[in-house]
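Student: Let me begin by handing over the structure; questions about it come next.
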Amino acid sequence: MIIAIDGPAASGKGTLGRRIAAHYGLRHLDTGLLYRAVALKLIHRDMLDDADAGAEEARALDPAFLADPMLRSEAAGAGASIVSVYPQVRQALLEFQRRFASEAPGAVLDGRDIGTVICPDADAKLFVIASAEERARRRALELRGRGEDVDEAAILADIRARDHRDMSRANAPLKAADDAVTLDTTALDADAAFAAAVAIVDRLVVKARTA
């Protein structure tokens, strides 16, 4: 079984992805970490604006690097939104994601183009959204919890800028797949969002298997 979860930054799709994977006994891949990893490598080389260097880093990416805590930093997140626009980087990471999804017993992948590009035949597709203000609040809470200084207004501005880049890029823009179910988590806590997501997946999987 393959479950695709897409949505904008800080919408809650990563938390949902991990919990849904555990619930169904599947593996989980936060595909945003792939782009964050490439971005962080480029930041260290002062080459964030070099698409060819990004593709080079993507092809050489060590999966073990995905555990680096620096990938959760704001710098890596902002950089990921930049490098994800590069077609060379997207192509280099495409096969990595598809191989992960195809391995038994299946997987939950969350990102921005899972249901539309990476796994268009996924058994269930969710498009997770929340208001920009709520997403900024959540991100600020997360950063404060890690002891970081927070400027919530700056976080909100960054989220809006990232939304614009993600939705307007020519290659695999952020959008809901035609057969995805949209889940608005603005007014939901983590447990309520999880319960709603599982109900959606159960319904979609039963529908697919009885079609």
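For the sequence shown, my numbering gives the first residue as 13, with consecutive numbering after it. Every residue, glycine too, gets a C-beta built ideally from N, C-alpha and C. Just so we're clear, the structure is a prediction, and the values are computed from it rather than from any experiment.
Please name the residue, chosen from E160, E115, I141, that lies closest to A199 on a Cα-to-Cα basis.
Tutor: I141
Student: On the CB-based measure, 16 or more other CB atoms within 10 Å of its CB, does R102 come out buried or exposed?
Tutor: buried
Student: Have a look at L78 and R31 and give me their C-alpha separation to the nearest angstrom.
Tutor: 18 Å
Student: Could you tell me whether the segment 39-54 touches the segment 157-177, where touching means 3 or more Cβ pairs closer than 8 Å?
Tutor: no
Student: In angstroms, rounded to a whole number, what distance separates the CA positions of E145 and G19?
Tutor: 15 Å
Student: If you drop the 5 nearest sequence neighbours on each side, which residues of the same chain put their C-beta closer than 7 Å to that of T27?
Tutor: A202, listed in sequence order.
Student: The beta strand (DSSP E) with R48 in it runs from where to where?
Tutor: Not the beta strand (DSSP E): R48 falls in the alpha helix (DSSP H), residues 44-56.
Student: Compute the beta-carbon to beta-carbon distance between A119 and I14, rounded to the nearest angstrom, for a pair I have assumed lies under 8 Å.
Tutor: 6 Å
Student: For V129, which residues from the same chain have a beta carbon less than 7 Å from its beta carbon, with the 5 sequence-adjacent residues on both sides left out?
Tutor: A184
Student: If you count every other CB in all the chains shown that lies within 10 Å of the CB of R48, and 16 or more means buried, which is it?
Tutor: buried
Student: Report the three-state DSSP secondary structure of V213 (helix, strand or coil).
Tutor: helix
Student: Out of E115, A182, L60, which one is the CA nearest neighbour of L38?
Tutor: Minimum Cα distance to L38 is reached at E115.
Student: Can you grab the Cα-Cα spacing for the pair L125 / V50, in whole Å?
Tutor: Note that residue 125 is Asp in the sequence shown, not Leu. Using only the alpha carbons, I get a separation of about 17 Å.
Student: Quick one: using the 10 Å Cβ neighbour count with 16 as the cut-off for buried, is A189 buried or exposed?
Tutor: buried
Student: Run the CB neighbour count on R111, radius 10 Å, all protein chains shown included, and call it buried at 16 or more, exposed below.
Tutor: exposed
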